[in-house]
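Working notes, beginning with the structure itself.
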Amino acid sequence: MVDQPEETKKPRTSVELFAGGGGLAMAVHQAGYRPLLFNEFNSRACETLEASARKTLGEFGIERTDSKKPRPPAIGEPAPLSPRDVVDLDLTAFAGQVDVLAGGPPCQPFSAGGVAKGDEDKRNMFPAMFKAIREMRPKVVICENVRGLLRPSFEEYFKYIQRELTLPFEERVDKDPWQYHNEKLKGIIDRLSEDDENAEHYRVRVFKVNAADYGVPQIRNRVVMVAFRADLPIDADEFFEEHSKRRFSKEALLLSMRDEDGAYWRRHDHVKPHVRDKARGGIDKKVRPRDGEEELPAWRTLRDAIQGYGTDVRLPALPEIDLNRLDRKTEQAAHLGITGHIGWPAARIYKGHTPNELDLPAKTVKAGVHGVPGGESVMLLDDREPDSKSADGYTHLHRYMTVRETARVMTFPDEWVGCGPRGEQMRQLGNAVPVVLGEYFANAVSKALDDAGE
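For the sequence shown, the tail end lands on 1861 under our numbering, and the numbers increase by one without skipping.
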């Protein structure tokens, strides 16, 4: 697991908006925060949050509330789960009680994997996030979203989002174009002093991260925004410099695989020789760690995730899926008390629909179109069959990844239970924050608050 910042000594509280399947919510809880509220509009995602809440979101669990004005729970009470649209909620009861507001406003409008509709898309929920900040006044905001926000076509709008997060109390008049509001915010920010301590302002820092660099067995490029309330004595630049550094190394993975008896192959000593040879054959003999990264641990791979490596305590290895039982219903890890390990038929490989390889980090888990992902949900297997028509004389077997394997790639605990059809569970995972990545930033924020005496 990623070397997490030292856990906080002071009890912390959190509110999670747009909680989805619970990735960021579980991350913040694992970092030691007591949840005060969960908000999620999708009914299936709410069922998922409820299904394993006591094991993944706190010992007191969660409880649905229909109230438009929810209240913080007392210690020992379940945290409220509001299924309402966050725009309709009055969150003023939480003012002054929230250390961290966490959430990823629905990102589909900005995703390179979807239809790029940008700021005009009704699913753009950033304004709702800013409304919640005005009502709760959290000490810190953690917001995760897709790298699509950084595309040139969205560059100025993303800067506008950062300015709104800097000055959330400078509300946009409903009918004003965003460009007009953007110019107004720029003018105010240009006049701010460097030592601004206005409690209605925030110091925003943007992290461009690859989740693999933080211990997630997946290539997942994302944007993490961390905003500290300006009245807190926290050096945001120092925080950015420290936590922009990679924690895991691609080069270390390659070095661990390069030799026949390398550390990676000792860990996976059951792998067949032809698989090892293929993986080793593409490694440059001159590969070296980057300067200053000689001691970093290796990136984690899809094989690591399936075999249970990469966490503080090794998880049970997931059993191989019986290719004769791709029946959409048979739980193939039930004897381990693990759900969601169900074979699915009809996986295909074709141009533009290439599969995952076991000895690399997984491809980015995506929500897909109508819950149907592409090649990132297919994996090549070690097994092969003779095929005289194939270039190398073999047909290499493949299959769909199971929901549980996908959850492992997202560093979700095995106690997480997805609800709804398979496509809906995959959608929840594709839209989520990897738990290990979210936990890293939640712990880093806790330490910054501790160091500031807050």
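Glycine included, each C-beta is placed from N, C-alpha and C at the ideal position.
- [ ] Indicate whether Pro-1660 and Trp-1706 have their beta-carbon atoms separated by less than 7 Å.
- [x] Before going further, note that residue 1660 is Leu rather than Pro in the sequence given. Taking 7 Å as the Cβ cut-off, Leu-1660 and Trp-1706 qualify as a contacting pair.
Open item on the list: Need the endpoints of the alpha helix (DSSP H) that Thr-1455 sits in, please.
Closed with: 1450 to 1458
Task: For Ser-1651, the three-state DSSP class (helix, strand or coil) - done: coil
- [ ] Can you grab the Cα-Cα spacing for the pair Glu-1374 / Thr-1463, in whole Å?
- [x] Shown here, the chain extends from 1408 to 1861; a query on residue 1374 therefore has no answer.
Open item on the list: Does the CB of Asn-1449 have a neighbour CB from chain C at under 7 Å?
Closed with: Any reference to chain C falls outside this structure, which holds one protein chain only.
TODO: May I ask you to list the residues that DSSP assigns as paired with Ala-1705?
DONE: Ser-1656
- [ ] Could you spell out the range, first to last residue, of the alpha helix (DSSP H) harbouring Met-1786?
- [x] Segment 1785 to 1793 is the beta strand (DSSP E) holding Met-1786; no alpha helix (DSSP H) there.
- [ ] Using three-state DSSP, classify Ala-1539 as helix, strand or coil.
- [x] helix
- [ ] Indicate the three-state DSSP secondary structure (helix, strand or coil) for Met-1408 in the structure shown.
- [x] Confidence in Met-1408 is poor, its pLDDT being 49 and thus under 50, which makes the residue's placement unreliable; the coordinate value appears in the next sentence. Coil, per DSSP.
Task: Proximity of Val-1611 and Val-1547 at Cβ, strictly below 7 Å - done: no
Task: Range of the contiguous alpha helix (DSSP H) that encloses Gly-1594 - done: 1585 to 1597
Open item on the list: The alpha helix (DSSP H) that contains Glu-1563, what's its start and end?
Closed with: 1562 to 1573
Open item on the list: Below 8 Å on the Cβ atoms is my contact criterion, and I expect Ala-1634 with Leu-1572 to pass it. Report the Cβ-Cβ distance as a whole number of Å.
Closed with: 5 Å
Open item on the list: Comparing C-alpha positions only, which one of Val-1505, Arg-1451 and Asp-1492 sits nearest to Pro-1418?
Closed with: Val-1505
Task: Within 7 Å, strictly: CB atoms of Val-1493 and Asn-1552 - done: no
TODO: Let me know the alpha helix (DSSP H) ranges lying completely inside the segment 1430 to 1503, each 4 residues or longer, listed in chain order.
DONE: 1430 to 1437, 1450 to 1458 and 1460 to 1463
Open item on the list: Which residue marks the beginning of the beta strand (DSSP E) containing Arg-1612, and which one marks its end?
Closed with: 1609 to 1617
Open item on the list: So Ala-1500 and Pro-1479 are supposed to be a Cβ contact under 8 Å. How far apart are they, rounded?
Closed with: 6 Å
Open item on the list: The alpha helix (DSSP H) that contains Arg-1811, what's its start and end?
Closed with: 1810 to 1816
Task: Bounding residues of the beta strand (DSSP E) (the contiguous stretch that carries Met-1833) - done: No beta strand (DSSP E) contains Met-1833, which is instead part of the alpha helix (DSSP H) from 1829 to 1837.
Open item on the list: Quick test of the definition: if touching needs 3 or more C-beta pairs under 8 Å, does the segment 1614 to 1626 touch the segment 1750 to 1770?
Closed with: yes
Task: Reference Gln-1835; option with closest CA among Leu-1844, Gly-1845, Trp-1823 and Glu-1846 - done: Trp-1823
- [ ] Please classify Val-1580: is it buried, with 16 or more other beta-carbons within 10 angstroms of its beta-carbon, or exposed?
- [x] exposed
Open item on the list: Can you tell me whether Asn-1731 is buried or exposed? The criterion is at least 16 other CB atoms within 10 Å of its CB, across all chains shown.
Closed with: exposed
TODO: Identify whether Phe-1576 lies in helix, strand or coil by the three-state DSSP scheme.
DONE: coil
Task: Residue burial classification, Arg-1697 (beta-carbon count within 10 angstroms, cutoff 16) - done: exposed
TODO: Give the DSSP-derived three-state secondary structure of Asn-1531 in the structure shown.
DONE: coil
Open item on the list: Please identify the residue among Ala-1814, Asp-1794 and Asn-1531 whose C-alpha is closest to the C-alpha of Phe-1561.
Closed with: Asn-1531
TODO: Label Val-1522 either buried or exposed according to how many other C-beta atoms from any shown protein chain fall within 10 Å of its C-beta, with 16 as the threshold for buried.
DONE: Per-residue confidence for Val-1522 stands at a pLDDT of 41, beneath the threshold of 50, marking its modelled position as unreliable; the derived number appears in the next sentence. Per the 10 Å Cβ criterion, exposed.
Task: Range covered by the alpha helix (DSSP H) that runs through Thr-1860 - done: Note that residue 1860 is Gly in the sequence shown, not Thr. Here Gly-1860 belongs to no alpha helix (DSSP H), and DSSP marks it neither H nor E.
TODO: Spatial neighbours of Glu-1846 within its chain, please: CB distance less than 6 Å, with the 5 preceding and 5 following residues excluded, ordered by chain position.
DONE: Ala-1434, Gln-1437 and Ala-1438
TODO: Please determine if the segment 1732 to 1746 and the segment 1678 to 1694 are in contact, where contact requires at least 3 C-beta pairs separated by less than 8 Å.
DONE: no
Open item on the list: Please list the terminal residues of the continuous alpha helix (DSSP H) segment that includes His-1681.
Closed with: 1680 to 1688
TODO: Grab me the residues of Leu-1443's own chain with a C-beta within less than 7 Å of its C-beta, minus the 5 sequence neighbours each way, in chain order.
DONE: Thr-1420, Ser-1421, Val-1422, Pro-1479, Pro-1480, Ala-1486, Phe-1501, Gln-1504 and Val-1505
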